[in-house]
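Novice: Its first residue numbered -11, the sequence shown is counted upward by one per residue in the numbering used here. We put the beta carbon where it would ideally sit given N, CA and C, even for glycine. Submitted below is the structure of interest, expressed as structure tokens.
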Amino acid sequence: MAERPISGGAYWNPQAHMPTAGKRRLVITRGQGVWVETSTGDRLIDATSSLWHANIGHGRERLARAAYDQMVRLETYHTFGRTVNEPALLLADWLAANAPMAGAKVMLTSGGSDSVDLACKLARRHWQLEGKPGKKLILSRHNAYHGLHAFGTSVAGLTYNREGYGTETLVPETARIATNDLDEVRRSVLELGPDNIAAIIAEPVIGTGGVIAPADGYLEGLQALCREHDILFIADEVITGFGRTGHMFASQRWDIEPDMVTMAKGITSGYAPLGGVLVAPRVSDRFFAGPDAPIFRHGLTYSGHATACAVALANLDVIAEESLVAEAGRLEVVLARMVKPLRDSDLVVDVRASAGFMAGVQLRAEVDADPIIDSCAASGVLIRTIHDNTLQICPPFVSTDEDVAQIVDAIDGALASYDGPR
Ligand code: PLP
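Okay, structure coming up:
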């Protein structure tokens, strides 16, 4: 890149209160393994894997080479209609072979919100084709985060992500269900009427909503309820997919077979923007069979982007060769053991660490998280808050036990030295 002076005043950060975020701006310039470096020369452990995605760690030359090799051969070619490229075909084969459901078909997207949009549209299209035109509602859980495209915004369980657009939801046909209470969910389904419900979308482990594990039997029960009432079940595995819960997909850990699985983030570990949706035969079959097969009128210029797919394949090779899924499973236990004692702090309401190599340390509502985050940075740990004043811990799978200990020690020290809001 040519040397250019940086002003940066034009950059509008997503999800940011710009007057304050602008003043506290942190420019990340480099990354290696679990480490990132800032423009002021600080070296910090990436306790959140960036935005839950840097699973194989930063700075892998092999992924850069995969991108380079693909770009000099063919940067990409679109996949609308009959054309396609080899990396997209190879990636789809890999995904179908490793999917939690048999016979899956794969549509590729540019990221998680795209995948959610696609899955919700396809659910509605499915019921129109089934001759059940009333089935339009998409149900989502309180606390859910499904990205911020129009469908993701509409099914947001975090109300502040849904509000302010003039109507309760951008897409009107949505409703919320209980986060972890199956009896409540059943009541909602019966009240809303199964004949009006197209799909339920759920993160196996809620991420941005505070790192909330599924209650015992919740996901299995949700699937059974969906089957009983002819409702499609969409598992949003944008965070949990590709190893975070010690299984390739969290659906495999809880032994569920969703009708659709949305994916992104860990598919490339962030080395290229890419997402996708796995679609079970129940939904996909009719689009593949016979001269009268309908067309699913959906797609993006970069659906199946060749370079992004080549990067994904290299990422999946790294995960396999370094046994990183099993390693994430091992690290889940290490993290849970180390982080739980933080519950003893008066500033902490809850520590959630029971499903996957991820944890949430929820601070009391009146605690100002900024000094805690700054104190963690001073101890060499980059962390952030998510919903409900919760510190997000979700390190790369290449973390050592010592890295995990450093993250927990930094939070412990920050809590001990906290002397009130700024
Ligand atoms: N779904 C879940 C569960 C997510 O956590 C996210 C992002 O954090 C999304 C969807 C949206 O993904 P993206 O930000 O890539 O659009």
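So, A365 versus L32, is the Cβ gap smaller than 8 Å?
Specialist: yes
Novice: Could you check if D224 belongs to the surroundings of the ligand PLP, using beta carbon to heavy atom distance under 7 Å?
Specialist: yes
Novice: Roughly how many whole angstroms lie between the Cα atoms of V15 and L39?
Specialist: 15 Å
Novice: Tell me whether the stretch 193 to 205 and the stretch 326 to 343 touch, counting them as touching only if at least three CB pairs, one residue from each stretch, are closer than 8 Å.
Specialist: yes
Novice: What did DSSP end up calling S311 once you bin it into helix, strand or coil?
Specialist: coil
Novice: Let me check one thing: in DSSP terms, what residues is T162 bridge-paired to?
Specialist: I126.
Novice: Can you list, in chain order, the residues of its chain with a C-beta nearer than 8 Å to that of L78? Leave out the 5 residues immediately preceding and following it.
Specialist: Within the same chain, and ignoring the five residues on either side of L78 in sequence, the residues whose Cβ sits closer than 8 Å to its Cβ are C297 and L301.
Novice: The alpha helix (DSSP H) spanning K11 covers which residue range?
Specialist: M6 to K11
Novice: Using the three-state DSSP reduction, which class does R31 fall into: helix, strand or coil?
Specialist: strand
Novice: Would you kindly work out how many angstroms separate the C-alpha atoms of M6 and A347, rounded to a whole number?
Specialist: 27 Å
Novice: Three or more beta-carbon pairs under 8 Å between the stretch 135 to 149 and the stretch 309 to 324, yes or no?
Specialist: no
Novice: So does H217 have its beta carbon nearer than 7 Å to some heavy atom of the ligand PLP?
Specialist: no
Novice: What residue range is occupied by the uninterrupted alpha helix (DSSP H) comprising M346?
Specialist: Looking at the DSSP string, M346 is not in any alpha helix (DSSP H), and its letter there is neither H nor E.
Novice: If I measure Cβ to Cβ from P121 and keep anything under 8 Å in the same chain, skipping five residues before and after, which residues do I get?
Specialist: W115
Novice: Within 10 angstroms of the Cβ of W0, are there 16 or more other Cβ atoms? Answer buried if so, exposed if not.
Specialist: So W0 ends up on the exposed side.
Novice: Return the residue from the list M59, G408 and R372 that minimises the CA-CA distance to A9.
Specialist: R372
Novice: I'd like the list of long-range same chain contacts for D34, defined as Cβ closer than 8 Å, with 5 residues on each side in sequence excluded.
Specialist: G19, V22, W23, V24, A42, H46, L370, P383 and P384
Novice: Terminal residues of the continuous beta strand (DSSP E) containing Q20?
Specialist: I16 to Q20
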